[in-house]
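Numbering (the working numbering), first residue to last: 1030 to 1081.
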């Protein structure tokens, strides 16, 4: 939750998913029109994708 507040402090959280992509673990935070992929420690690159 701390990493979500860091990357999207003003967005309302819809759901949280745990993901492994290419052998790496990420949290996926779903907000209204997008989802964020954040490493468990909250550091590193974040990945943003538009919901379909």
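The beta carbon of each residue, even a glycine, is placed where N, CA and C say it ideally should be. Computed from a predicted model, the values in this text were never measured in an experiment.
Range covered by the beta strand (DSSP E) that runs through residue i
i, result
"residue 1067", "1063-1067"
"residue 1043", "Counting along the chain, residue 1043 falls outside any beta strand (DSSP E), and DSSP gives it neither H nor E."
Spatial neighbours of residue i in its chain, beta-carbon cut-off 7 Å, leaving aside the 5 residues before and after
i, result
"residue 1044", "1059"
"residue 1037", "1058, 1060, 1065"
Inter-residue spacing [alpha-carbon to alpha-carbon] between residue i and residue j
i, j, result
"residue 1046", "residue 1067", "11 Å"
"residue 1054", "residue 1065", "13 Å"
"residue 1035", "residue 1048", "19 Å"
"residue 1040", "residue 1056", "16 Å"
"residue 1069", "residue 1052", "14 Å"
Nonlocal neighbours in the same chain, by C-beta distance under 8 Å from residue i, ignoring five residues either side
i, result
"residue 1050", "1066"
"residue 1042", "1033, 1058, 1059, 1060"
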